[in-house]
Every structure is written in C-alpha cells, then in structure tokens.
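Chemist: Heads up: the sequence shown at position 25 corresponds to 25 in UniProt numbering, and the numbers run straight through without jumps. Every residue gets a Cβ at the ideal spot worked out from N, C-alpha and C, and that includes glycine.
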Amino acid sequence: MAAEVEIHNHQPISNSPKKNLSWPKLRRFDSLDIEATNLHRSSKAAVGWWVTLQLAFQSIGIVYGDIGTSPLYVFPSSFPAGIKHDDDVLGVLSLIYYTLTFIPLLKYVFIVLQANDNGDGGTFALYSLLCRYARIGLIPSQQAEDREVSNYRLETPNNRMRRASKLKSQLENSRFAKLFLLFATMLGTSMVIGDGILTPCISVLSAVGGIKRAASSITQDTIVGISAGILVCLFMAQRFGTDKVGYTFAPIICIWFSFIAAIGFYNFVKFDPSVIRAVNPKYIIQYFTRNKTQAWISLGGIVLSITGTEALFADVGHFTVRSIQISMCCVTYPALLLAYTGQASFLRAHIHDVGDTFFKSIPGPLYWPMFVVAVLSAIIASQAMISGTFSVIQQSLSLGCFPRVKIVHTSAKYEGQVYIPEVNFLLMLACLAVTIGFKETEKIGNAYGIAVVFVMTLTSSFLVLIMIMIWKTHMVLIIFYVVVIGSVELLYLSSVLYKFDQGGYLPLAFAFALMAIMYTWNSVYRKKYYYELENKISSEQLKEIVSSAKPCGVTGLAIFYSELVQGIPPIFKLYMANVPALHQVLIFVSIKWLPISKVSSEERFLFRRVEPRELNIFRCVVRYGYTDGRNERESFERSLVERLKGFLRDDIWGCSNVDDEEEDENGVEEENQKIREVALKRDIEEVDKAWENGVVHLVGESEIVAREGSNIWKRVLIDYAYNFLKNNLRQSDKVFDIPNKNLLKVGMTYEL
C-alpha cells in the first residue's frame, strides 16, 4: 500500500432528509454502495485566460529548466571528435530543428498532453487510463462503486470500433500482456528516476565548467569538486519544500531564455546568417551520406537537445494543457531555435571551438552574468527533475510497486509537492558518485540519452494503445504517428544504445536495480493479497468466531487496519483467539489507491455494517488517488468518525425501496420515523461514547515466509529479498503515523 495516510478536510454529511420511509421494507446494503448513491460530482472549472497566462509563466520555471539548459552541451556531445566538414554544422542544426519540432512540439505539446489523466500526466497516468478502461490490474480489488467516483469515468466517443474491443479483450484475457504493461510502467518509472540522478550531474557540471574560459588554470578536478558541493547543497535544501516554486524559478528561467535567444540572434547576424538554410532537410541527407556511421553515432548527442521533454507531460498536473502549450510555443521553442542557430553560426567561423561552444560564443561583457544565470538555471533544472522523481515514487506506491517510505507533503497549496527523505539521501549519493566517477559531461551525456529516449519510446507505446482503445483514432492517423514519430525515436534509441559501453549502461543499471526492487515488492505483495482474499472471513464465520471466543466488552473505538478491501482479514481470527475482547465499535479500515489522480473528500470513505448489528462492527474502504495529498490539519480518526456517523444517517434514511404512495397506504409513517430516529440516536451516541473513551489502532504485522517445498527462486524472493526490504524500511505504525501509546500489533505468519 502507500507510504502515508493522506487526509483532506471532511465535513459531516447533512442531517437526514424529510422523506418518510417504511421500516419493515428497509433493505440491507451488503456491498459498499451506500456512499456511491450520494456523490458530489466534481469537475475542473474552466480556467480564464488571465489565470492561464499566469500558469504559463509559472510553468516556465518548473517544466523547462532541463530542456532549456540543453544548449550547454548539445554541440560538444554531437561532435566529440571535432568537426570534419563545414556543412556538418548545418546537418546537425537541421537535425536539431526537426527533432525539436517533431518530439517536444508535435508529439508532446499537441498529442501526448491530450492523454492526461484528469489533468495529471506521466507514464503512470497513461497506465492508469488503461487500467480503468480495461481490467488489466493484477490485484483483484476492483469494486463497482469505484467507477462512480467523479474522476473515474472516461469520456470516450460513442462509436465503438471492432479493433478497440478486440484489443481490450486480448489485454484482459492475457496475463502476459498485464505483466508486460506493468513491467513497462516500472521501466518507465525507473528511467525517470534515472533522469533525476543524471540531470543534476550533467547540468551542474556543464554550467560550472564554463568558468574555464575566465580561469584556464582551473583543473577539471576543481570543477568536479565545485559541482559536488553545489549538488550537496541542492539535496540538503529539498526538505524545505518547493512552495511558490513557480514564481520563484520562472523569472530566472525567463532571463535564461532571453539571454540565450538574444546571444543566438547576435551570433546569427554577426557570423553566418546563411545557417538558416538548415531548415532544408537535404542537409540531413548530405550529413549522413558524408559521415555514414559517425553521423548515426552523433545522434546520441543530438538527442540531448530534447532532454526534459517528458517533464512537459509529467508536470501538466501542476498547470493546464493550454498553459503549457502557450509557454512552449511562445517562449521555449523560439528561444531554443535561436540559441542553436546562433551557436551554429558561431561554429561556422570558429570550427575548432566546438568543445566549449556555449561559453565561447558569449560576447565578452555578458560572460559573467551569463555564467551566473547558467549555474542558477542548471540548479533549477536539477530541482525540477528531483521533485519529479519524488512524485513518480509516490505514484509507484499506489500500485504496490515500491517499498514503504515516508512521504512528506511540503505544501498545503500545491498538492503534488512531496519530499521523501530516504530517497533524497540515496539520490544525493548516486549523483555524487556519478559526478565524481565520470568527471566529464561526455560519458554522462551518453547515459542521459538512453534514459531520455527509453521513456519517450515507452510513452509512444502507451499512447498507441490509448489511441486504439480509448480515443478510437482513425487507423490512418495511428499509422502516420507510428511511422513518423516512432521511427524517429527508434532511430535515436539505436544510436544511444551504441554507446552502451561508454556510459550508456548507467541508466540501464539504475533501471534494472530499481525494477528488481519494484518487482520483488509487488510480486510478494500480490501473493499476500491473494492469500488474504482466499482466506477472508465471511459474516457467518465472524458470528462463529465471536460466539466461540465469548469476548468481553471493552470501551472505546478500535480501528483494525487491513490491505484487504473485500471482507475481513484472516488475522482477525488469530486476534480473537488470543485477545478475546471486543470494543464498543470496531472498524476494519483498508486504504485503497484508485487508478485515478484524485478522489474528492465527499467520495473518500465507503462504509458497510457487518452483521449482526448489535456488535457495532463496520468495514471501511478509504480511497485515494495517486496524487492526493495529506491534510495535516485534520486527524484521520476524527474524519473517520464523522463519516461513519454520516453513513449511519444514510443507512437509516436512505435505504428504502418503497415509494411515497406505498408509505401513504401503510399509514404508519410517523411511528416508523420515530423508530428510526431512536435507532439513529442510539447508534450515534454509541459511536460518540466509543470515540470519547479512546481509540486503539490494531495493525496486523504479518511475517511472510516461503512455503515448505518451494523452489530456490521463490525462497530467495520471499525469505531474503522481500524480508530484507520489509525489515529495513518503515513499519506499518510509522506509515500510518500511529502514536505508540494507541498501537497494538497483531502478528501472524503467512506461508506463501
């Protein structure tokens, strides 16, 4: 499950309606559907143009730091052995033009952004869309009531195409397809985390390296040391959060874009305006004809011009689609074109300065201001990717794909801003190791390119499935997308993989290590869930357990945490056998993460009463979206109790299937109403008394071991790998922020 219990403000449900109901004909709600019939439909309000422009300005500081700092290292990475022919500069510039146009602009800004999940983006959002449209999730926790949540419903065209139904059926009936999609999501998540490690390294190292122009005596080791110091400060500052981050960073990135655009235009006019000929793609053909294999290899450097493009999609939840489209088309895209054009003009006149193109192309008076802005922009680019890494890991937790870690929500205003202390420390160590170990940006660039292109390719793969199954896009347009965008990305992927032994192995090593952790945790998590599902306690069994245990009554409210959302967990039988005591009110609580971005507070809690009624036992599923934030201002206990009282009101007043005419014929409305009012008053008083007498939190601590006779692979997976992760990370009481004085742990061993 997730690493934090997160709560928004909740208001008690209003008092019962005046409608009279017949008591004898009340029906039992044996499924969690009472709340699903009284939903508050939430939708994102239309955003005005002024707000959109404000968001567009803020997005400049959040989204474009990475792609904006790419001019620091693209040309040096594209020509590691120097420029052999003058027109090679035009060939590379032409490739940069069309790469920026096809991938960030056409693919992401105008296509991929439309595949957002109720305003949120990223690989996880694409996977969640597919999970909602087709039953491809591997954990059987789906409930009909979940589809009634406001954000759950998909707005799809009415015309059903045969290929969409066929593909959906194939995915739902193929366990291999489900596993493959889950692995692809894990891989994409791991690569984004790899970006979070490599972006600070290459950005800061490239920016600090510019000091060599002013002080040539400074050695590379000194530059590495300064970069490492900046990285340490950057990661130490993460715990303070990124509130007001857009308005803080946007002015600096705007200054950066203004500088690189102005310097680019200056160099374009001064040195060689004829480089504008690079808009003609014939220079790409001539470049490949002239350089053959070396031209293909150089694609690994050219692809760095679109690093950070995935942030366009991943960070859309903080803004709007329209605001990102405006900032990209009006600011980022033109500034980058001018920057690369100016550098190409400079290189036509200074062919031997390709190794330090960016800083040597800066006019003398602007050098120091540009150096300072470059360092600040590199830090901002790093900050954006680090924050993105935290968000991605938070999303992974909701799939049960990441071990329990502490999620700290650093802002009450911006829900998506989180900080993970353990991950932050590990990221810092990884960044320092890469920076000190590689020292040069060339090898880091090789590694960076693989991470970037892998994520883009996975996004395209998910997008094609969405085009077919959800959007019902015409097949001609799908083929056009695959041929144009897909072929470009595969060409770049083949090039970056060529440099596998020159640093390219690094992101893959990171990815496979993270995927091993994710797979280990998710695999055992699923096995444990299936075990509990197969051995859950039914209502009849509960009566037998209570009857045989003959428990004594205990004052107070007991909250029994379970990951099972369908039934009572088997560990309760063990609890009753060893502690034959039953509290005034007992609530089985399950924290459930839906494949949607947010769940409104009105739709968060689902209750049902467990028979017999006199035991005052309830089941509750608390639902969250993968970007929901924790509300520190209201306790989980109080919210749970208030919503339980609201459920009791609905249970009394809202569950009749008798219409008004039948009630009139019965002629007993007043009497029945009094009976219901007395019953409701009694139930609510019982809950209030239990709440006043104190709350105890019961947490099942299950020890998981491989079943006797299991093969060596299963024993290693469960007995060693999973238990190592479990024992060295946060335990359940820390996950739910339960005070020790109110905690009671119940242990049980599962043999899987």
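Leaving out five residues on either side along the sequence, give the residues of the same chain with a beta carbon under 7 angstroms from the beta carbon of residue 449.
Modeler: Reading the sequence shown from its first residue, position 449 is the one you call residue 449. So the list reads 300, 303, 304, 496, once near-sequence residues are dropped.
Chemist: Exposed or buried, residue 40, counting other C-beta atoms within 10 Å across all chains shown (16 or more means buried)?
Modeler: Against the sequence shown, residue 40 aligns to sequence position 40. Note that residue 40 scores 35 on pLDDT, short of 50, meaning its location in the model is unreliable and no value can be drawn from it.
Chemist: Taking buried to mean at least 16 other C-beta atoms within 10 Å of its own C-beta, is residue 661 buried or exposed?
Modeler: Within the sequence shown, numbered from 1, the residue matching residue 661 stands at position 661. Interpretation of residue 661 is limited by its pLDDT of 44, a score under 50 that renders its predicted location unreliable; the figure taken from the coordinates is listed afterwards. The residue in question, residue 661, is exposed, as its Cβ has fewer than 16 Cβ neighbours within 10 Å.
Chemist: Report yes if the C-beta distance between residue 699 and residue 741 is below 8 angstroms; otherwise report no.
Modeler: By one-based count along the sequence shown, residue 699 stands at place 699. By one-based count along the sequence shown, residue 741 stands at place 741. For residue 699 and residue 741, no; Cβs fall outside 8 angstroms.
Chemist: Taking the alpha-carbon of residue 276 as reference, which of 488, 592, 343, 593 has the nearest alpha-carbon?
Modeler: For the purposes of this step, residue 276 is identified with residue 276 of the sequence shown, where counting begins at 1. Ranking the options by Cα distance to residue 276, first place goes to 343.
Chemist: Residues in its own chain within less than 7 angstroms of residue 447 by CB, not counting five upstream and five downstream?
Modeler: Taking the sequence shown and counting its residues from 1, one reaches residue 447 at position 447. So the qualifying residues of the chain are 198, 503, 504, 506, 507.
Chemist: Going straight from the alpha carbon of residue 308 to that of residue 80, what length do you get?
Modeler: Here the question's residue 308 lines up with position 308 in the sequence shown. Here the question's residue 80 lines up with position 80 in the sequence shown. Cα to Cα, residue 308 sits roughly 22 angstroms from residue 80.
Chemist: Would DSSP call residue 751 helix, strand or coil?
Modeler: What you label residue 751 is simply residue 751 of the sequence shown in a count that begins at 1. Reduced to three states, the DSSP call for residue 751 is strand.
Chemist: Mind checking whether residue 68 and residue 391 have CB atoms under 8 angstroms apart?
Modeler: If you number the sequence shown from 1, residue 68 lands on position 68. If you number the sequence shown from 1, residue 391 lands on position 391. Not a contact, by the Cβ cut-off of 8 angstroms.
Chemist: What residue range is occupied by the uninterrupted beta strand (DSSP E) comprising residue 560?
Modeler: In the sequence shown, the residue the question calls residue 560 occupies position 560. 552-561 is the span of the beta strand (DSSP E), which, as asked, contains residue 560.
Chemist: According to DSSP, is residue 591 helix, strand or coil?
Modeler: Start at 1 with the first residue of the sequence shown, and residue 591 comes out as number 591. Strand at residue 591.
Chemist: Going residue by residue through the segment 219-282, where are the continuous alpha helix (DSSP H) segments of at least 4 residues, counting only ones entirely within it?
Modeler: You should have 220-236, 245-270.
Chemist: When you compare only the Cα positions, how much space is there between residue 758 and residue 109?
Modeler: In this structure the chain extends from 1 to 752, so residue 758 is not present and cannot be described.
Chemist: Between residue 24 and the rest of its own chain, which residues show a CB-CB distance below 6 angstroms, the 5 nearest in sequence each way excluded?
Modeler: Within the sequence shown, residue 24 is the residue found at index 24, counting from 1. With a pLDDT of 36 at residue 24, under the threshold of 50, the predicted position of this residue should be treated as unreliable, though the coordinate-derived value follows. Same-chain partners within the cutoff: there are none.
Chemist: With three or more C-beta pairs closer than 8 angstroms as the rule, is the segment 328-343 touching the segment 257-269?
Modeler: Touching, yes.
Chemist: Using DSSP with H/G/I as helix, E/B as strand and the rest coil, what is residue 425?
Modeler: One-based indexing of the sequence shown puts residue 425 at position 425. DSSP places residue 425 in helix when its eight states are reduced to three.
Chemist: So, does the segment 470-482 touch the segment 527-543, judging by three or more C-beta pairs under 8 angstroms?
Modeler: Too few Cβ pairs lie closer than 8 angstroms, so no.
Chemist: Do you know whose CA, among 613, 651, 234, 56, lies nearest residue 324's CA?
Modeler: Position 324 of the sequence shown, counted from the start, is the residue given in the question as residue 324. Nearest of 613, 651, 234, 56 to residue 324, Cα basis: 56.
Chemist: Taking buried to mean at least 16 other C-beta atoms within 10 Å of its own C-beta, is residue 238 buried or exposed?
Modeler: Here the question's residue 238 lines up with position 238 in the sequence shown. That one is buried.
Chemist: May I have the straight-line CA-CA distance separating residue 295 from residue 288, to the nearest angstrom?
Modeler: Counted from its first residue, the sequence shown places residue 295 at position 295. Counted from its first residue, the sequence shown places residue 288 at position 288. Looking at the two C-alpha atoms, the distance is approximately 5 angstroms.
Chemist: Quick test of your reading: residue 75 and residue 357, contact by CB under 8 angstroms. State the CB separation rounded to the nearest angstrom.
Modeler: The count along the sequence shown starts at 1 and reaches residue 75 at position 75. The count along the sequence shown starts at 1 and reaches residue 357 at position 357. With 8 angstroms as the limit, residue 75 and residue 357 qualify as a contact, their Cβ atoms being about 4 angstroms apart.
Chemist: Taking all protein chains shown into account, decide if residue 338 is buried (16 or more other Cβ within 10 angstroms of its Cβ) or exposed.
Modeler: Here residue 338 is taken as the residue at index 338 of the sequence shown, counted from 1. Counting Cβ neighbours within 10 Å, residue 338 comes out buried, since at least 16 surround it.
Chemist: In whole angstroms, what separates the C-alpha of residue 170 from that of residue 428?
Modeler: As a position in the sequence shown, residue 170 is number 170, starting the count at 1. As a position in the sequence shown, residue 428 is number 428, starting the count at 1. C-alpha separation (whole angstroms): 43 angstroms.
Chemist: Using alpha carbons as the reference points, say which of 613, 709, 696, 182 lies closest to residue 396.
Modeler: For this step, residue 396 is matched to residue 396 along the sequence shown. The candidate whose alpha carbon is nearest that of residue 396 is 182.
Chemist: Starting from the Cα of residue 281, find the closest Cα among 89, 559, 546 and give me that residue.
Modeler: To locate residue 281, count along the sequence shown from 1; it is residue 281. Taking only the C-alpha atoms, the option nearest residue 281 is 89.
Chemist: Following the continuous alpha helix (DSSP H) through residue 534, name the residue where it begins and the one where it ends.
Modeler: Locating residue 534 in the sequence shown gives position 534, counting from the first residue. First-last of the alpha helix (DSSP H) with residue 534: 505-534.
Chemist: Could you name the residues of the same chain whose beta carbon sits closer than 6 angstroms to that of residue 703, not counting the 5 residues immediately before and after it, in chain order?
Modeler: For the purposes of this step, residue 703 is taken as the residue at position 703 of the sequence shown. Only 749 meet the Cβ criterion.
Chemist: I'd like the list of long-range same chain contacts for residue 436, defined as Cβ closer than 7 angstroms, with 5 residues on each side in sequence excluded.
Modeler: For the purposes of this step, residue 436 is taken as residue 436 along the sequence shown, with counting starting at 1. 224, 228.
Chemist: In the structure shown, what three-state DSSP assignment does residue 386 receive?
Modeler: Here the question's residue 386 lines up with position 386 in the sequence shown. Three-state result, residue 386: helix.
Chemist: Here's a check: name, in chain order, each residue in its chain whose Cβ is nearer than 6 angstroms to the Cβ of residue 726, leaving out the five neighbours to either side.
Modeler: For the purposes of this step, residue 726 is taken as residue 726 along the sequence shown, with counting starting at 1. Around residue 726: no qualifying Cβ.
Chemist: For residue 621, does the count of other Cβ atoms within 10 angstroms reach 16, so buried, or fall short, so exposed?
Modeler: For the purposes of this step, residue 621 is identified with residue 621 of the sequence shown, where counting begins at 1. Its Cβ being crowded by 16 or more others within 10 Å, residue 621 is buried.
Chemist: With C-beta atoms as the reference, is residue 118 less than 8 angstroms away from residue 598?
Modeler: Counting from 1 along the sequence shown, the entry for residue 118 is found at position 118. Counting from 1 along the sequence shown, the entry for residue 598 is found at position 598. Their beta carbons are under 8 angstroms apart, which means residue 118 touches residue 598 by this criterion.
Chemist: Report buried or exposed for residue 71, applying the criterion of at least 16 other Cβ atoms within 10 angstroms of its Cβ.
Modeler: For the purposes of this step, residue 71 is taken as residue 71 along the sequence shown, with counting starting at 1. Buried, since its Cβ has 16 or more Cβ neighbours within 10 Å.
Chemist: Report yes if the C-beta of residue 323 is less than 7 angstroms from at least one heavy atom of the ligand HEM; otherwise report no.
Modeler: Here there are no bound small molecules, and the ligand HEM is not part of this structure.
Chemist: On the CB-based measure, 16 or more other CB atoms within 10 Å of its CB, does residue 509 come out buried or exposed?
Modeler: Within the sequence shown, residue 509 is the residue found at index 509, counting from 1. So residue 509 counts as exposed.
Chemist: Taking the DSSP output, what are the residues bridged to residue 586?
Modeler: The sequence position of residue 586 within the sequence shown is 586, counting from 1. Paired residue(s): 558, 617.
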